[in-house]
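Have a look at the structure below, then the notes.
In UniProt numbering, the protein residues as written are 1 to 587.
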């Protein structure tokens, strides 16, 4: 009997020890994932992209001797392409490669791109000679030679290689990290919440490091060193990420919703000459539809027509067609979100160029022009915290809605703040220009802080509002489209900025955007954006007032996804069905 009790106690003790060991193993695994996926990869991606974009315009103008207009367009085209290629990266991961392989390949490509950029700033033949000192030569200051076609080709190759790699990372790294958690396990579900919090923290930390330390290194030590740090960080990220390969969980590619949308559009086009049946019940899968049939966009219903000479299996179902209709319904709101990111892009181009011609001293320290964007990120962090701790609880009391502000109300607040930012930017630029042309002392660059602050606070509203709106309103089986639509607004916003600069430069014959801001009228360009902001906001209000939200309540799991910034994957539900599969067979 005593021996039996002894065995019983032994079993209890061993069970407890094993339970603690199992819990410790889970915690160690979570720590590994956080370090490898977040600290190792996402931090490097932020350092890489922000370290380039936030200070690139000063290099293009100061070292390559390009015009302000051309320099601004190079930056915005780079950022627009990066966000557009994120959609391609998400599609490849969903349709063929899987997230793991896409992350590894993308990080490697990004490392190659930044290494090329670093080399282009160090090799003398890859940049034009310094401007001739006019005073020493005793002649007019006409000795600045712009970068040649070959030198620009090297720059473009480096930038767009980086964009291809960073875009693939942006689309997949957070999704792969969330795949490591099993939502059916309460402990892992709780751990995933901390994962996303720390993921967002690393995004902000990487951005702040890039616009402070890295920009300082670029300006005071050398561009080669600055971009070299980014390249080294990305190479280290690839090595660290690959080191965790044996411990990862992998998910098979589930197919991209873009493919499903393409099938509906193609089938509807193929059947365009067929008449829609008067009775919608004749459409394929009508009586088994998971989404009720609607009468809008009847042209897409032709994709569900069962042709007499073909099998019913070749026709798409009403559910598939209605899901595409739901995506199309989002496009009016989507189109009015683009201008916000056009305004945002000015903070990485002309606002930085303004800072180069202002007094940047803070005591005995000269602040690098690119580092003024730190106020953008600080205001984002500040208002993100205020939204959750102060504004949302207050809105809940006033509106008696659990979520406080609706997604479209958040977007509206962001659009208003962006428009105000352009008005403030115009006033500050006029003050700067008048002081400079009047022969007075250059005004302090800290006059730029309000416009950075307004755009940053606007992003805290618009960013979350847009992403939440697309997540809520997208079809259940196309939730991954939410991030895709969001990233598309960023890409189109940057491209629109480039288009506006080209159009304004042509229409004004270079009078507004000159090589020297003192000779141009950048303030009028800002006023034009402010007027466009007012017009865009009016159109947004019209669309928003007519939009009817889906009756379904946003799942709690989707609220977690809002913390993943733009880096959530455009494919696959985030970590909801993480398959516990070891080995490379499932990659």
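For every residue, glycine included, the Cβ atom is placed at its ideal position computed from N, Cα and C.
Residue burial classification, residue 218 (beta-carbon count within 10 angstroms, cutoff 16): buried
8 Å contact criterion, which residue 167 and residue 89 should meet: CB distance rounded: 5 Å
Cβ-based burial, residue 405 [other Cβ within 10 Å; buried from 16]: buried
Spatially closest choice to residue 300 from 273, 287, 288, by CA coordinates: It is 273 whose Cα lies nearest to the Cα of residue 300.
Local conformation of residue 15 per DSSP, three classes: With a pLDDT of only 49 at residue 15, under the threshold of 50, the placement of this residue in the model should not be trusted; the figure read from the coordinates follows. Residue state, collapsed to three classes: helix.
Residue burial classification, residue 259 (beta-carbon count within 10 angstroms, cutoff 16): exposed
Opening and closing residue of the alpha helix (DSSP H) in which residue 85 lies: 68-92
Identified DSSP bridge partners for residue 444: 359
At least three beta-carbon pairs within less than 8 Å, the stretch 429-448 to the stretch 504-523: For the pair of segments examined, the stretch 429-448 was found to touch the stretch 504-523: the number of CB pairs separated by less than 8 Å reaches three.
The alpha helix (DSSP H) enclosing residue 322, as first and last residue numbers: 318-329
Residue 502 vs residue 525 beta-carbon contact at 8 Å: no
Own chain residues within Cβ distance below 6 Å of residue 493, not counting five before or after: 338, 341, 342
Neighbour-count burial assignment, residue 284, 16 or more Cβ in a 10 Å radius: Around the CB of residue 284, 16 or more other CB atoms lie within 10 Å, so the residue is classed as buried.
Assigned secondary structure, residue 365 (DSSP; H/G/I helix, E/B strand, else coil): strand
Cβ shell of residue 271 (< 7 Å), same chain only, five flanking positions each side left out: Correct list, in chain order: 302, 303, 305.
Exposure label - residue 253; buried when at least 16 CB within 10 Å: buried
DSSP three-state assignment for residue 150, whether helix, strand or coil: helix
Straight-line Cα distance separating residue 365 from residue 230: In this model, residue 230 and residue 365 are separated by some 24 Å (Cα to Cα).
Own chain, CB closer than 8 Å to residue 437, minus 5 neighbours either side, in chain order: 518
Cβ contact check for the stretch 342-359 and the stretch 314-322: 3 or more pairs under 8 Å: no
Simplified DSSP assignment, three categories, for residue 119: In this structure, residue 119 counts as helix in the three-state DSSP scheme.
Rounded Cβ spacing between residue 61 and residue 71 (contact assumed at less than 8 Å): The beta-carbon separation of residue 61 and residue 71, rounded to 5 Å, stays under the 8 Å limit for a contact.
CB contact flag (residue 158, residue 120, <8 Å): yes
Sequence-distant residues of its chain with Cβ nearer than 7 Å to residue 47 (five each side left out): 206, 209, 210, 214, 230, 233
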